[in-house]
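Input: a single structure, listed below in structure tokens.
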Amino acid sequence: MAQLIDGKALSKKIQLQIKQEVARLKFKPGLAVVLVGEDPASQVYVNSKEKACQAVGFYSQKIVLDKNITQEKLLTVIKKLNKDPKIHGILVQLPLPKHLNEKIVIDNINPEKDVDVFHPYNVGELLLMKYLPKLDELLAPCTPKGIMRMIQEYKIDVAGKKVVVIGRSNLVGKPIALMLLASNATVEICHSRTHDLEKTCAQADIIIAAIGQANFVNKSMVKKGTVVIDVGINRTKEGLVGDVNFKEVENIASYITPVPGGVGPMTIASLLENTLLLAKKHQ
Ligand code: NDP
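With the sequence shown counted from 1, adding 35 to any position gets you my numbering.
Written as structure tokens, this is what we have:
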């Protein structure tokens with residue numbers, strides 16, 4: 036039976052450490068979360084981020100804008116936050132309504148306040164990274180950073196290992212591949228056009244599943260002793276499930292993340308870590 040990687044417990048531990056560090060600081064790290072429109076899922080995410088900020092003692096500002104806001108007005112809001120000394124991290128909740136250009140919006144966030152690490156400057160820094168620094172010192176996208184934190188916490192050695200990342204999004208697949216590469220893993224990135232995906236996965240020492248399809252990774256894709264990290268969040272009739280068929284795989288894997296309670300809570304912990312990092316750099 037695989038050992039469970041408890042993201043919820045680890046996230047709580049990190050949040051407690053952050054709270055203690057914030058109590059010692061002479062200033063409050065500040066995060067601004069910008070939400071455009073009323074998408075229910077986005078509202079849930081934004082509220083949980085705001086709650087987490089408040090719980091560790093950050094200054095937090097939630098800005099909710101009308102779904103019909105013009106691009107120009109949204110950029111004005113962002114430019115104001117870029118200049119606001121109380122704000123060290125700016126997060127624009129994606130996806131934005133279709134009439135807004137996400138790339139232009141992200142490009143206008145000051146890279147020194149780019150807490151989600153989507154700005155091309157910070158993405159470029161990640162690409163140029165040769166070796167993974169200490170995670171406390173690394174500005175990296177929240178979900179992949181959380182995954183690396185779990186891997187390190189459970190002392191899973193990735194050096195020289197064959198890692199298969201399923202999914203090539205800018206949010207998860209690409210950045211986690213870069214971070215694993217910088218940790219000396221041999222990384223293969225797969226996607227919807229990959230041939231022989233099953234065979235490729237079955238050779239992996241570590242599988243990172245970031246696909247967005249419920250129970251996609253099954254027992255025929257996992258060899259004995261593989262570490263399985265499930266990033267997926269899929270809403271089904273049975274409730275929230277990941278991209279991995281947990282029941283089939285838990286007896287084969289050496290380590291496995293549950294859904295919920297695995298990668299999800301680590302994403303929030305990384306957001307807080309990134310805000311603290313940016314705030315300390317700013318000071
Ligand atoms: P995207 O939809 O942006 O990317 C999905 C990727 O999976 C794409 O690269 C796609 O390939 C690939 N893919 C889709 N179908 C297949 C298939 N049949 N075979 C192989 N590859 C396939 O998703 P995200 O990366 O944003 O998110 C992935 C999942 O992780 C989602 O469930 C999301 O909800 C979850 N998530 C969870 C987070 C957390 O905090 N736990 C944070 C972020 C995301 P192609 O590029 O060819 O289309």
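Every residue, glycine too, gets a C-beta built ideally from N, C-alpha and C. Only a predicted model underlies this, so the values are computations on that prediction, with no experimental measurement involved.
Taking the C-alpha atoms as reference points, what is the distance between residue i and residue j?
i: K54; j: K86; result: 13 Å
i: F281; j: G296; result: 13 Å
i: I303; j: T310; result: 11 Å
i: K61; j: C177; result: 25 Å
i: D151; j: N143; result: 13 Å
i: N219; j: V91; result: 34 Å
i: L39; j: G260; result: 13 Å
i: A245; j: K133; result: 24 Å
i: V222; j: M185; result: 18 Å
i: L170; j: V69; result: 26 Å
i: K121; j: E107; result: 23 Å
i: E160; j: D41; result: 30 Å
i: G247; j: N82; result: 23 Å
i: L110; j: P75; result: 23 Å
i: R228; j: V207; result: 18 Å
Determine the DSSP secondary structure at residue i, reduced to helix, strand or coil.
i: I113; result: helix
i: D142; result: helix
i: K315; result: helix
i: I201; result: strand
i: D119; result: coil
i: V152; result: coil
i: G208; result: helix
i: L306; result: helix
i: L173; result: coil
i: L126; result: strand
i: V158; result: helix
i: M214; result: helix
i: V193; result: coil
i: L163; result: helix
i: K180; result: helix
i: K108; result: helix
i: G296; result: coil
Would you say residue i and residue j are within 8 Å of each other, going by their C-beta atoms?
i: V266; j: A288; result: no
i: V71; j: L126; result: no
i: A37; j: E285; result: yes
i: I182; j: V298; result: yes
i: H123; j: L313; result: yes
Quick one: what's got a C-beta closer than 6 Å to residue i's C-beta in the same chain, skipping five residues either side?
i: N1; result: Because the chain here runs from 36 to 318, residue 1 falls outside it and cannot be looked at.
i: C88; result: L66, S95
i: H226; result: R203
i: N117; result: N145
i: A319; result: The chain is shown only over 36 to 318; residue 319 falls outside these bounds and no answer can be derived.
i: K97; result: V68, E85
Can you list, in chain order, the residues of its chain whose CB lies under 8 Å from that of residue i, leaving out five sequence neighbours each side?
i: L232; result: I201, C225, M256
i: N404; result: Residue 404 is absent from the structure shown; the chain starts at 36 and stops at 318.
i: A249; result: G267, N269, T271, V276, G277, D278
i: Q187; result: L170
Can you find the residues in the same chain that come closer than 7 Å, C-beta to C-beta, to residue i, ignoring five residues on each side of it along the sequence?
i: Y80; result: Q128
i: V99; result: L70
- [ ] Kindly provide the ranges of any alpha helix (DSSP H) runs that are 4 or more residues long and lie completely inside the stretch 222 to 293, ordered along the chain.
- [x] If one requires a minimum length of 4 residues, the alpha helix (DSSP H) runs lying completely within the stretch 222 to 293 are 232 to 237, 281 to 284, in chain order.
Task: Any alpha helix (DSSP H) of 4 or more consecutive residues that is wholly inside the stretch 36 to 105 - done: For secondary structure counted as the alpha helix (DSSP H) over 4 or more consecutive residues, the stretch 36 to 105 holds these complete runs in sequence order: 42 to 59, 75 to 91.
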